[in-house]
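For the record, the sequence lines run as chains V and H.
Under the working numbering, think of the first position of the first sequence as 1, with each following residue one higher.
Under the working numbering, think of the first position of the second sequence as 1001, with each following residue one higher.
Cβ atoms here follow ideal geometry from the backbone N, Cα and C, with glycine treated the same way.
Note that this is a predicted model, so its numbers are computed, not measured.
Have a look at the structure below, then the notes.
There are 2 protein chains.
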Amino acid sequence: MLVLAAPPGCGKTTIVQEIAKTDPMTMISVSATTRALRPGEVDGKHYYFVDRKKFQQMVDGGEMMEYALVYNSNMYGTPKAPVEKALKEGRDVLFDIDWQGNRKLSDIAKDDVVSIFLLPPSWAELERRLYDRAQDSREEITRRLGKVPDEISHYKDFQYVLVNTDLNKTIKQVYSILEAERIKRHRLSDLQDFVDTLKPLKK
Amino acid sequence: MLVLAAPPGCGKTTIVQEIAKTDPMTMISVSATTRALRPGEVDGKHYYFVDRKKFQQMVDGGEMMEYALVYNSNMYGTPKAPVEKALKEGRDVLFDIDWQGNRKLSDIAKDDVVSIFLLPPSWAELERRLYDRAQDSREEITRRLGKVPDEISHYKDFQYVLVNTDLNKTIKQVYSILEAERIKRHRLSDLQDFVDTLKPLKK
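This is the structure in structure tokens:
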């Protein structure tokens, strides 16, 4: 399980989508949320957009791996079934979630979670990206920017920290992390069985 | 500090030399040894070949970072000065050492050591490689092969385990490890200073 967290405008969603598209051994965990769909977003791809009642049903039914109330306004959660299915198939699951989601996921499965925090190259660049993509109103952008310093303060919870100055370089770095973490000793199943075969053949 | 350990014939030296050649931010720690120079080896490149008296002088003079007697026959050690100089310059140091050296290095500087153990794809392939390179006599090869299962049994001391089936793929994997480990949060100096700049500008 690979968690990517970042303030808005750091390129997180682009990176996660790119990796899922190019690496068949990965898939994205699509979160459920009670927040409104933004222009350009697709239900079932970026999020499962559900109302509060449906969200609560999923929680009560034990269908959520983790969930949280973000900034006292909207609920976000990770549906359990698709993640468990993908892991069983030996695939890596990418999580585009925030520090709260990462903390809960790490509590559930510490050794199986790899966490990356993305930072913008500068505050000015972060503002520029948010205004340029014009996905939200100026008021909404100001509101979201106001929360960024608090979000960033949680970077210490994460194993890796990347500054996304150049998108291609950052994607390459995430790939390196993915490749390296896959060959960590404790993740190699059947390693002892293989090592047992490395002996002189009986003559 | 990146440790690569492996039984003979796993491609360890080739990999370390290739990385040092292509990545200017790395350098190889050249060990000192009391064993005899083998055909093709160059003093000062593959090892510093010294006699027992000189080796003991280096130990007594505090010039060794770690040293060990290997298989009750030869001494191997890591001269301290070049490693400290390279680390001070911000370079990564590659260690082509065995499990004993890795254990001692990890004892000295746990958080700064990344360790990789290389395995051959099969026992038959390991034998083939050792006989093919014809660096040693048949008796010497038989002797070295006899020690391999014991060496391999120490793979559990290492953070990463690679099976060297394809040299180019293995080199790429070592690069991924190097790149990923460089962006681990605890290795990023001045990160907090940078994070402190990510705030709205005072108007």
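Can a CB atom of chain V be found closer than 8 angstroms to the CB of residue i?
i               : result
Y1155 (chain H) : yes
I1152 (chain H) : yes
Using DSSP with H/G/I as helix, E/B as strand and the rest coil, what is residue i?
i               : result
K184 (chain V)  : strand
S1031 (chain H) : coil
N168 (chain V)  : helix
S1073 (chain H) : coil
V1205 (chain H) : With chain H represented from 1001 up to 1203, any question about residue 1205 (chain H) goes unanswered, as that position is not in the structure.
L1178 (chain H) : helix
D1157 (chain H) : helix
Is residue i near the ligand GDP - that is, is its Cβ less than 7 angstroms away from at least one heavy atom of it?
i             : result
K53 (chain V) : Among the components modelled here there is no ligand, and therefore nothing to report on the ligand GDP.
Where do the N-terminal and C-terminal ends of the alpha helix (DSSP H) with residue i fall, by residue?
i               : result
P1149 (chain H) : R1138 to I1152
F194 (chain V)  : L191 to D196
V83 (chain V)   : K80 to K88
I1108 (chain H) : W1099 to I1108
L126 (chain V)  : W123 to R133
By how many angstroms is the C-alpha of residue j removed from the C-alpha of residue i?
i               : j               : result
V16 (chain V)   : D51 (chain V)   : 25 angstroms
E1084 (chain H) : I171 (chain V)  : 32 angstroms
K199 (chain V)  : Y1160 (chain H) : 21 angstroms
A124 (chain V)  : D23 (chain V)   : 33 angstroms
E1139 (chain H) : R187 (chain V)  : 38 angstroms
T142 (chain V)  : L118 (chain V)  : 20 angstroms
Y131 (chain V)  : L145 (chain V)  : 11 angstroms
S31 (chain V)   : P121 (chain V)  : 27 angstroms
G61 (chain V)   : Q192 (chain V)  : 39 angstroms
T1078 (chain H) : R1038 (chain H) : 19 angstroms
M1064 (chain H) : V1070 (chain H) : 16 angstroms
V1148 (chain H) : S1073 (chain H) : 16 angstroms
G1011 (chain H) : K1156 (chain H) : 20 angstroms
I1019 (chain H) : Y1175 (chain H) : 8 angstroms
A6 (chain V)    : L1126 (chain H) : 46 angstroms
D196 (chain V)  : H1154 (chain H) : 12 angstroms
V113 (chain V)  : Q1057 (chain H) : 48 angstroms
I97 (chain V)   : M27 (chain V)   : 14 angstroms
R35 (chain V)   : E41 (chain V)   : 12 angstroms
T1013 (chain H) : A86 (chain V)   : 38 angstroms
L1167 (chain H) : N168 (chain V)  : 26 angstroms
D1092 (chain H) : I183 (chain V)  : 20 angstroms
T961 (chain H)  : S137 (chain V)  : Missing from the structure shown is residue 961 (chain H); chain H here goes from 1001 to 1203 and no further.
Residue i versus chain H: which residues are under 8 angstroms apart at the beta carbon?
i              : result
A180 (chain V) : Y1160, Q1173, S1176, I1177, E1179, A1180 and E1181
Name, please, each residue of chain V whose Cβ falls closer than 7 angstroms to the Cβ of residue i.
i               : result
K1199 (chain H) : W123 and P149
K1184 (chain H) : Q159 and Y160
Tell me, please, whether the CB atom of residue i is closer than 8 angstroms to any CB atom in chain H?
i              : result
P120 (chain V) : yes
L94 (chain V)  : no
V195 (chain V) : yes
S191 (chain V) : In the sequence under discussion, the amino acid at residue 191 (chain V) is Leu, which differs from the Ser named in the question. True, the Cβ-Cβ gap to chain H drops below 8 angstroms.
L37 (chain V)  : no
L188 (chain V) : yes
Considering residue i, what are the terminal residues of the beta strand (DSSP E) in which it resides?
i               : result
A1005 (chain H) : L1002 to A1005
V1059 (chain H) : That residue, V1059 (chain H), is in no beta strand (DSSP E); its alpha helix (DSSP H) goes R1052 to D1060.
L1162 (chain H) : Y1160 to V1163
D111 (chain V)  : Note, D111 (chain V): premise wrong, no beta strand (DSSP E); not H, not E.
V1042 (chain H) : No beta strand (DSSP E) contains V1042 (chain H), which DSSP labels as neither H nor E.
D1096 (chain H) : D1092 to D1096
Run down chain V in chain order and give the residues with a C-beta less than 8 angstroms from the C-beta of residue i.
i               : result
L1145 (chain H) : P200
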